[in-house]
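Quick note on the UniProt record's numbering: the sequence shown kicks off at 29 and runs consecutively.
Below: the structure, in C-alpha cells.
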Amino acid sequence: LIVILDFGSQYSELIARRIRETQVYSEVLSYRTTVEQLRQLDPKGIILSGGPNSVYDLGAPECDRGIWEMGIPILGVCYGMQLMVQQLGGTVERAERGEYGKAALHIDDPTDLLTNVEDDTTMWMSHGDSVAQLPDGFEILAHTDNTPNAAIAHHERQLYGVQFHPEVVHSVGGLAMIRNFVYHICDCDPTWTTEAFVEESIREIRAKVGEKRVLLALSGGVDSSTLAFLLHKAIGDRVTCMFIDQGFMRKYEPEQLVKLFAEKFHINVEYINARDRFLEKLDGITDPEEKRRRIGHEFIQVFEEESRRLGPFDYLAQGTLYPDVIESADTNVDPKTGERVAVKIKSHHNVGGLPKDLRFKLVEPLRKLFKDEVRKVGRAIGLPEEIVRRHPFPGPGLAIRIVGEVTAERLNILRDADLIVRQEIKRHDIYHDFWQAFAVLLPVRSVGVMGDRRTYAYPIVLRFISSEDGMTADWSRVPYDLLELISNRIVNEVDGVNRVVYDITSKPPGTIEWE
Ligand code: XMP
C-alpha cells in the first residue's frame, strides 16, 4: 500500500491511478490522517500531494509532523515537497517567475528516484512558490531553467521531493519515476492485479453475505453489470437483479439486456415494465430538471414497491466506485456498527431517499476501484465487450433527449432515429471513436417536401462528441458521406422526421446533452 495524503490537489486521484497502473495498491487519504492511523495501515510509502495553498499561508494545511520519523520513504509533490522542506527546516519563497506548463528537466543525479528518466525529459510544472533553501542533508537531483530545486532527496532517510507533477500525462518521464519510487525505493511488489482483486472480492462477498439475499438495481451500464457478474460468481442465485424499464432506453436494449443476463449467463433478473407509469408522470412536463426529478422520484417508488414484493432482502449491492468513496468519506456510516448503510440508492438518478424500513445494509465490492479498473474487472469475469465499452448513457435516458414534453409518439420517433445512428457507426466500425454519438428530437416542426407532398415534421439533431471524461468535449469531425447516409436514412425511414441537423457546439459553452 502506498498512501497519498491529499492537500487539495486536483491530481491526487490521478497519482493513485498511476500507482495502481504499476500494480501497487494505493489510497487517497486526508492530509489530517495521523501517524497512528498511518501506522495501522502500514503503508510502504507515502506521497504528499500538491495543493492550492502556499506553505507560508496562515492556516495552510499541514500533515502530522510525526511522519518524518516513521522511517518509511516519503515523496512530496509540488506543495507536498514545499511542506517537507518547510517542516524539516528549509525555506520556501514566492518564485521570481512561476512555472506553468511543460519544462525540460535537467538531471544532476541520475540515481534512485531518477533512474531511467532521460535527461532533458519534459515534466509538467504548475507552481508559484519555490524551494529556496534545502533542509540539512538534502541534495539536488534535478533542476529546470527556472527552478534550481526541481527534484531533491535526502538519500539516507529516503525523503524525496519534486516540484513537477510526474502523474500527469504530459510528464514524459513521470511513470518511470513513479516506478522507481514504488518498486525500488518503497520495495513494493506488483500484486494489485485484476485477477487478485476478483478472487479477493469473491471471498469477501461470500464471507459477508453468507446465506443471505442481495438485491441489485441493474441499469445495463458497466458498473451495475460488472457488479451483477461479480455477485453472481460469488453467491449465484442469492443475488436478484432488478431491472426497471422506465421506457426511456434505446430501441431493443431492455430486451437484449434481459436476454443476455438471464438466458446467456443465467443471472437472476427481474424485469419490471414500468413504462406507462413513467410516461404518465411526465405528462405536460417540459422543464428538464423537473423531468429528472420526476423520473428519479418514480424510480424510487417502483424500486420500493418491487423490493417489498420480491423481498425481503438483507443487502443492497451498490456500484459505488472509489471516487465516490473519496468524496463521501465518513458519511452514511452506521454509528453503532461502523458499517456503511444506504440512505439513498445510488441510482443513476441520484435522487430520493429510502424509507426507514428499507434501509438495507450495503455490499459495495467495487468501492476500491476507479472506472478503468471496473472495466478491467468486468472483462476479466466475462462481461461482453459491448457492455464494457458502451458509451455513457444518462439515467433519464431518451426523456432528456426529447427537448420539451415527452410523449409516446416522440419516444418512438427518437428511438428509431437513434437506432439508425448506432447501426451506421457500428457498421462503419467507428463506434469507439466517439465519447457519445446520439440523436436528439426537437419539439418544433419545419416544412419539407417528399415526392409531391408537403411535410411538416420534427427535426432530429445529431450529436457526435469526443471527450476524455465528459467534463469538456468537442464535436466530432464526422465525414460528410456518413452524415449524408444517416440523414437520408432517418428522413426516409422514420415517420415524423423531415430534417436532420448536426450540432457543432463544443462543451463549454454547450453541454453534451440538450437538456
Ligand atoms: P452534459 O450534458 O452535462 O453531460 O454535458 C455530461 C455527461 O453526463 C451525462 N448526463 C447524465 N447522466 N443522468 C446521468 O446519469 C443525467 O441526468 C445526465 N445528464 C447528463 C451525459 O450523457 C454526458 O455523458
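Glycine residues also receive a C-beta, built at the ideal position from the N, C-alpha and C atoms.
Assuming the contact rule is C-beta atoms closer than 8 Å, residue i and residue j should be a hit. Round their C-beta distance to whole Å, please.
i: R403; j: V391; result: Incorrect: roughly 20 Å between the Cβ atoms, too far for contact.
i: L29; j: L69; result: 6 Å
i: H183; j: N177; result: Actually they are not in contact, since the Cβ atoms of H183 and N177 sit about 15 Å apart, beyond 8 Å.
i: L66; j: I95; result: 7 Å
i: residue 6; j: S534; result: The structure shown does not extend to residue 6, since the chain is modelled only from 29 through 543, so no value can be given for it.
i: V226; j: V405; result: 6 Å
i: P80; j: G36; result: 6 Å
i: L259; j: S252; result: Incorrect: roughly 10 Å between the Cβ atoms, too far for contact.
i: R122; j: D157; result: 6 Å
i: A345; j: L255; result: 6 Å
i: S474; j: R527; result: 6 Å
i: S495; j: W463; result: 4 Å
i: L349; j: L397; result: 6 Å
i: Y343; j: F388; result: 6 Å
i: L103; j: V83; result: Actually they do not touch by this definition, with Cβ atoms about 17 Å apart.
i: T62; j: D92; result: 5 Å
i: Y39; j: V196; result: 7 Å
i: H155; j: Q191; result: 6 Å
i: M153; j: Y188; result: Not quite, the Cβ-Cβ distance comes to about 17 Å (not below 8 Å), so this is no contact.
i: R517; j: I448; result: 5 Å
i: I532; j: I493; result: Incorrect: roughly 11 Å between the Cβ atoms, too far for contact.
Can residue i be considered in contact with ligand 1, in the sense that its beta carbon sits closer than 7 Å to one or more heavy atoms?
i: T422; result: It should be pointed out that residue 422 corresponds to Pro in this sequence rather than to Thr. It does: the Cβ of P422 is within 7 Å (strictly closer) of some heavy atom of ligand 1.
i: Q464; result: yes
i: E541; result: yes
i: G498; result: yes
i: I428; result: yes
i: K535; result: yes
i: I322; result: Note that residue 322 corresponds to Arg in the displayed sequence, not to Ile. No, the Cβ of R322 stays beyond 7 Å of every heavy atom of ligand 1.
If you follow the beta strand (DSSP E) that residue i is part of, which residue opens it and which one closes it?
i: H325; result: Looking at the DSSP string, H325 is not in any beta strand (DSSP E); the run it does join, the alpha helix (DSSP H), is 316–338.
i: Q464; result: 464–469
i: F271; result: 267–273
i: residue 586; result: This structure does not reach residue 586, given that the chain is present from 29 up to 543, and the question cannot be answered.
i: N301; result: 297–301
i: Q161; result: 149–161
i: I168; result: 167–171
i: E291; result: Element bounds for E291: n/a, residue is neither H nor E.
i: L349; result: Unbroken run through L349: none, as it is neither H nor E.
i: H389; result: Rather than His, the amino acid found at residue 389 in this sequence is Lys. Here the beta strand (DSSP E) through K389 covers 389–391.
i: G476; result: 474–478
i: V31; result: 30–34
i: V56; result: 54–58
Using a beta-carbon distance below 8 Å, is residue i in contact with chain B?
i: I300; result: Chain labels in this structure do not include chain B; a single protein chain is all it has.
Tell me the residue span of the alpha helix (DSSP H) that contains residue i.
i: M277; result: Neither: M277 is in no alpha helix (DSSP H) and is coded neither H nor E.
i: A44; result: 40–49
i: R438; result: 436–455
i: L285; result: 281–286
i: G406; result: 399–408
i: V431; result: No alpha helix (DSSP H) holds V431; DSSP gives it neither H nor E.
i: I415; result: 413–416
Three or more C-beta pairs closer than 8 Å, one from the region 318–331 and one from the region 218–238: is that the case here? no
Stretch-stretch touch, CB-based, cutoff 8 Å, three pairs: the region 203–212 with the region 142–159: yes
At what residue ranges does the region 181–260 contain a whole run of the alpha helix (DSSP H), taking only runs of 4 or more? 202–207, 222–237
Do the region 195–202 and the region 49–65 meet, that is, are 3 or more Cβ pairs less than 8 Å apart? no
Segment contact flag, the region 236–253 with the region 75–87, C-beta cutoff 8 Å, min 3 pairs: no
Under 8 Å, with one C-beta from each stretch per pair, do the region 283–302 and the region 421–434 reach the 3-pair mark? no
So does the region 250–270 actually touch the region 433–450, counting three or more Cβ pairs closer than 8 Å? no
What are the complete beta strand (DSSP E) segments, minimum 3 residues, inside the region 63–148? 73–76, 102–105, 119–135
So within the region 491–523, which uninterrupted alpha helix (DSSP H) runs reach at least 4 residues, ignoring any that extend past its ends? DSSP runs (the alpha helix (DSSP H)) wholly in the region 491–523: 508–521.
Hey, is the region 336–345 in contact with the region 305–312, meaning 3+ C-beta pairs nearer than 8 Å? no
At a cut of 8 Å, does the region 90–105 reach the region 146–165 through at least three beta carbon pairs? no
Contact between the region 497–514 and the region 451–459 (3+ Cβ pairs under 8 Å): The region 497–514 and the region 451–459 touch, with no fewer than 3 CB-CB distances between them shorter than 8 Å.
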